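There are 2 protein chains.
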Amino acid sequence: MKFLTDKKITIIGAAGMIGSNMAQCALMLHLSPNICLYDPYLPGLKGVAEELLQSDFNDAEIKHTDDIKEALKDAEYIVSSGGAPRKSGMTREDLLKGNAEIAAELGKNIRLYAPAVKHVVVVFNPADITGLVTLIHSGLKPSQISTLAALDSTRLRSALAKHFKLPMNKINNCKTLGGHGEQMTIFASPIKIDGISLLNYIGTEMLPINEWNEIKEHVIQGGKEIIDLRGRSSFQSPAYLSIKMLEASIGGKQFKLPAGTYVNNNAFHNIFMAMNTRIDCNGISYKTINGTESEEQQLLYSYLHLCSMRDEVIKMGVIPEIKNWGVLNPYL
Amino acid sequence: MKFLTDKKITIIGAAGMIGSNMAQCALMLHLSPNICLYDPYLPGLKGVAEELLQSDFNDAEIKHTDDIKEALKDAEYIVSSGGAPRKSGMTREDLLKGNAEIAAELGKNIRLYAPAVKHVVVVFNPADITGLVTLIHSGLKPSQISTLAALDSTRLRSALAKHFKLPMNKINNCKTLGGHGEQMTIFASPIKIDGISLLNYIGTEMLPINEWNEIKEHVIQGGKEIIDLRGRSSFQSPAYLSIKMLEASIGGKQFKLPAGTYVNNNAFHNIFMAMNTRIDCNGISYKTINGTESEEQQLLYSYLHLCSMRDEVIKMGVIPEIKNWGVLNPYL
Chain A
0 MKFLTDKKIT IIGAAGMIGS NMAQCALMLH LSPNICLYDP YLPGLKGVAE
50 ELLQSDFNDA EIKHTDDIKE ALKDAEYIVS SGGAPRKSGM TREDLLKGNA
100 EIAAELGKNI RLYAPAVKHV VVVFNPADIT GLVTLIHSGL KPSQISTLAA
150 LDSTRLRSAL AKHFKLPMNK INNCKTLGGH GEQMTIFASP IKIDGISLLN
200 YIGTEMLPIN EWNEIKEHVI QGGKEIIDLR GRSSFQSPAY LSIKMLEASI
250 GGKQFKLPAG TYVNNNAFHN IFMAMNTRID CNGISYKTIN GTESEEQQLL
300 YSYLHLCSMR DEVIKMGVIP EIKNWGVLNP YL
Chain B
0 MKFLTDKKIT IIGAAGMIGS NMAQCALMLH LSPNICLYDP YLPGLKGVAE
50 ELLQSDFNDA EIKHTDDIKE ALKDAEYIVS SGGAPRKSGM TREDLLKGNA
100 EIAAELGKNI RLYAPAVKHV VVVFNPADIT GLVTLIHSGL KPSQISTLAA
150 LDSTRLRSAL AKHFKLPMNK INNCKTLGGH GEQMTIFASP IKIDGISLLN
200 YIGTEMLPIN EWNEIKEHVI QGGKEIIDLR GRSSFQSPAY LSIKMLEASI
250 GGKQFKLPAG TYVNNNAFHN IFMAMNTRID CNGISYKTIN GTESEEQQLL
300 YSYLHLCSMR DEVIKMGVIP EIKNWGVLNP YL
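Residue numbers (numbering that gives the first Met the number 0), protein chains in the order written: chain A, 0 to 331; chain B, 0 to 331.
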């Protein structure tokens with residue numbers, strides 16, 4: 000059995016639905032034989048560890064612990080779904096306070112116990128905020144932390160494939176940027192439908208404007224729809240995709256769907272949001288996409304919404320004022 | 000993206016915890032780009048299909064339907080976890096009546112709608128009975144139906160690895176045969192601990208008899224322990240292992256852990272039980288293991304327990320008397 004690395008991977012929140020699926024994915028994708036599962040809820044954690052030990056992954060060593068210090072010691076890759084889950088009726092933003100505090104704790108623990116970590120994938124919502132808070136408190140470089148944001152883009156692609164009755168691989172370059180929440184920005188202009196620009200179709204009988212608006216609404220409400228259908232938050236897709244992000248950071252197949260990343264450029268300042276990113280063994284980086292004027296405006300609106308959430312978290316005292324970020328993290 | 004086959008795989012019970020994980024495993028292992036998910040519970044099924052459509056498996060076509068005829072049409076490989084789940088406090092046998100009837104329906108539907116099926120993996124409990132009932136009603140050859148029984152063996156290996164503080168791959172040839180229930184037979188004699196026969200250790204200070212009995216009890220109660228720890232039946236390990244069984248039947252890596260198979264030889268008659276099996280592109284076959292006298296006796300006891308369950312199902316009218324099986328299935 001060949002593994003992508005022999006370095007330690009720590010999965011935080013492994014007793015949960017997302018975390019346990021992440022652990023299974025990491026083993027199935029042969030990321031490392033050195034897997035450590037962490038969760039503060041020990042019975043559930045033991046149950047997950049037992050299930051995986053009983054799954055015939057014989058060449059992997061699957062450890063588990065409810066001691067965060069032991070979990071993070073020598074970890075080179077970390078993925079955390081260890082936030083409070085979103086419940087029916089809650090927006091991602093409702094989760095803000097509790098999960099921002101959990102992210103601060105995560106960042107501090109990484110600084111203390113896993114200073115040599117190479118990459119961290121943060122999956123709990125609101126991911127743009129939890130990613131930012133983790134980054135500030137961990138002291139890591141911006142290229143070392145990414146957050147899951149791909150689901151909005153894959154939901155968009157899936158909806159367009161259905162609308163145009165085409166296989167998924169005929170729908171290309173679907174990107175939603177900005178906030179990974181209700182203020183996301185859907186970039187229609189780069190999308191190709193079987194090689195033809197989506198813009199050529201919007202507002203024609205192939206895709207009347209009201210149907211395009213329905214698709215956008217479906218994408219924005221995608222997470223809620225899964226809750227309504229399954230009676231629980233989506234867990235298989237976030238688990239699988241975040242492990243694919245981690246795989247890319249270890250040096251496996253590059254991850255080209257949008258991910259959340261730290262942005263501080265001419266247009267957007269001191270923020271964490273979904274961009275046109277790439278994850279590879281050097282971590283996460285992004286390139287700017289030029290959209291239509293209205294797309295750019297929507298992205299600005301999305302950015303401003305994220306700024307207000309960030310400022311709320313500053314007011315809560317979970318992260319310092321922007322001018323003092325450098326005290327905690329010299330890379331910011 | 001290369002797939003193992005382009006033939007249709009149908010996953011029955013796909014809205015459930017095991018079935019949805021099976022679907023994810025089948026996609027992650029690239030078994031086929033032609034995956035059909037079936038469940039009578041349409042909202043949950045749609046939710047699972049959406050999650051998988053949103054997981055970036057772009058070269059696969061993931062269909063779903065709550066119409067069993069459409070689901071089975073042209074299916075060449077079928078895996079079913081579509082029974083009623085086991086709840087805390089229930090034995091596998093408590094499930095007998097309801098799930099035997101579901102298995103009869105499955106067999107009849109396979110006969111009607113999927114006559115060209117190559118292999119069927121049955122996962123719902125009591126698997127020895129549901130496998131037998133499906134076989135009788137489907138009219139398939141005994142080599143075409145296998146049931147999940149590997150978890151008892153992998154639980155045994157995991158427990159021995161823990162006891163001897165060795166990595167899992169140093170514990171070899173763990174096999175539990177006979178019933179996949181509380182009357183399972185643990186064959187200790189073939190087991191090697193880092194190359195040395197387990198029999199050399201049992202009853203010594205390395206493995207006192209009471210500790211060996213505890214390990215056996217742990218294996219027998221393994222399923223219940225997961226329920227107690229996770230608050231739900233195990234689903235990741237049965238899903239993954241049954242998809243590994245299906246993979247082997249398609250022509251992927253051979254599956255060498257014990258599986259349930261139809262047995263009618265000099266020692267055991269007209270029964271379905273875990274044997275020393277192999278699954279490959281020719282289906283499932285078995286070789287006899289010679290155990291110690293007490294192991295053989297235990298296996299006989301396990302067989303007799305299965306006979307009494309089988310006879311109960313005959314009395315219920317779910318399957319005919321043994322002498323009339325040939326009317327439904329000429330291979331029996």
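A virtual CB, placed ideally from N, CA and C, is assigned to each residue, including glycine.
Given the structure is predicted, the values throughout are model-derived calculations rather than measurements.
- Annotation: residue 132/A is outside any beta strand (DSSP E); the continuous alpha helix (DSSP H) that includes it extends over 126-137.
- A distance of 8 Å or more separates the beta carbons of residue 225/B and residue 104/A.
- Here the alpha carbons of residue 318/A and residue 38/A stand approximately 24 Å from one another.
- In terms of beta-carbon proximity, residue 154/B lines the interface with chain A, with at least one pair separated by less than 8 Å.
- A Cβ-Cβ distance of about 6 Å is found for the pair residue 158/A and residue 218/A, placing them in contact under the 8 Å criterion.
- Around the beta-carbon of residue 57/A, 16 or more other beta-carbon atoms lie within 10 Å, marking it buried.
- Take residue 263/B, set aside five residues on each side of it, and the residues of its chain with a beta-carbon closer than 6 Å to its own are 269, in chain order.
- Chain-ordered, the chain B residues with CB closer than 7 Å to the CB of residue 53/A read 150, 153, 154, 157 and 236.
- Scanning chain B for C-beta atoms nearer than 7 Å to the C-beta of residue 50/A yields 225, 233, 235 and 236, reported in chain order.
- Excluding the 5 residues flanking it on each side, residue 248/A has same chain C-beta neighbours closer than 6 Å at 118 and 278, in chain order.
- Using a Cβ-Cβ cut-off of 8 Å, residue 46/B counts as an interface residue toward chain A, since at least one Cβ of chain A sits closer than that to its own.
- Bounds of the beta strand (DSSP E) holding residue 277/A are 270-279.
- Taking 8 Å as the threshold, the shortest C-beta distance from residue 311/B to chain A does not fall below it.
- Around the beta carbon of residue 253/A, fewer than 16 other beta carbons sit within 10 angstroms, so the residue counts as exposed.
- Boundaries of the alpha helix (DSSP H) around residue 106/B: 95-112.
- Residues of the stretch 243-266 of chain A with a C-beta atom less than 9 Å from some C-beta of chain B are 243 and 256, listed in chain order.
- For residue 174/B, the enclosing beta strand (DSSP E) has its first and last residue at 174-177.
- Under the 8 Å criterion on CB atoms, residue 18/A is classed as non-interfacial with respect to chain B.
- For residue 16/B, the enclosing alpha helix (DSSP H) has its first and last residue at 16-27.
- For residue 331/B, same chain residues with a beta-carbon under 8 Å away, outside a window of 5 residues either side, are 134, 135, 141, 261, 263, 269, 324 and 325 in chain order.
- Residues 250 of the same chain have their beta carbon placed closer than 6 Å to that of residue 280/A, with the five preceding and five following residues left out of the count.
- Residue 261/B carries a strand assignment under DSSP once its states are collapsed to helix, strand and coil.
- Non-local C-beta neighbours of residue 302/A in its own chain, meaning closer than 7 Å and more than five positions away in sequence, comprise 177, 267, 270 and 272, ordered along the chain.
- Looking at the DSSP output, residue 33/B bridges to 60/B.
- Listed by position along chain A, the residues whose Cβ is nearer than 9 Å to that of residue 43/B are 228, 229 and 230.
- In the structure shown, the three-state DSSP call for residue 167/B is helix.
- Between residue 216/A and residue 207/A, the alpha-carbon positions lie close to 14 Å from each other.
- Contact with chain A is found for residue 166/B, since one of that chain's Cβ atoms lies less than 8 Å from the residue's Cβ.
- Excluding residues up to 5 positions away in sequence, 13, 14, 19, 22 and 36 lie with their Cβ nearer than 7 Å to the Cβ of residue 47/B in the same chain.
- The beta carbon of residue 175/B is closer than 8 Å to those of 148, 151, 152, 155, 183, 184, 185, 186, 218, 257 and 273 in its chain, skipping five residues each way along the sequence.
- In the three-state reduction of the DSSP assignment, residue 115/B falls in the coil class, being assigned neither a helical nor a strand state.
- Interface criterion not met: the Cβ of residue 172/A is under 8 Å from no Cβ in chain B.
- Against chain B, the CB of residue 239/A has a partner CB under 8 Å away; the residue lies at that interface.
- Distance from residue 96/B to residue 315/B at the Cβ level is roughly 6 Å; contact confirmed, criterion being Cβ atoms closer than 8 Å.
- The beta carbon of residue 246/B sits closer than 7 Å to the beta carbons of 3, 28, 30 and 252 from its chain, once the five residues preceding and following it are set aside; these are given in chain order.
- Taking residue 107/A as the centre and dropping the five residues before and after it, the same chain places the C-beta of 136 and 137 closer than 8 Å to its C-beta, in chain order.
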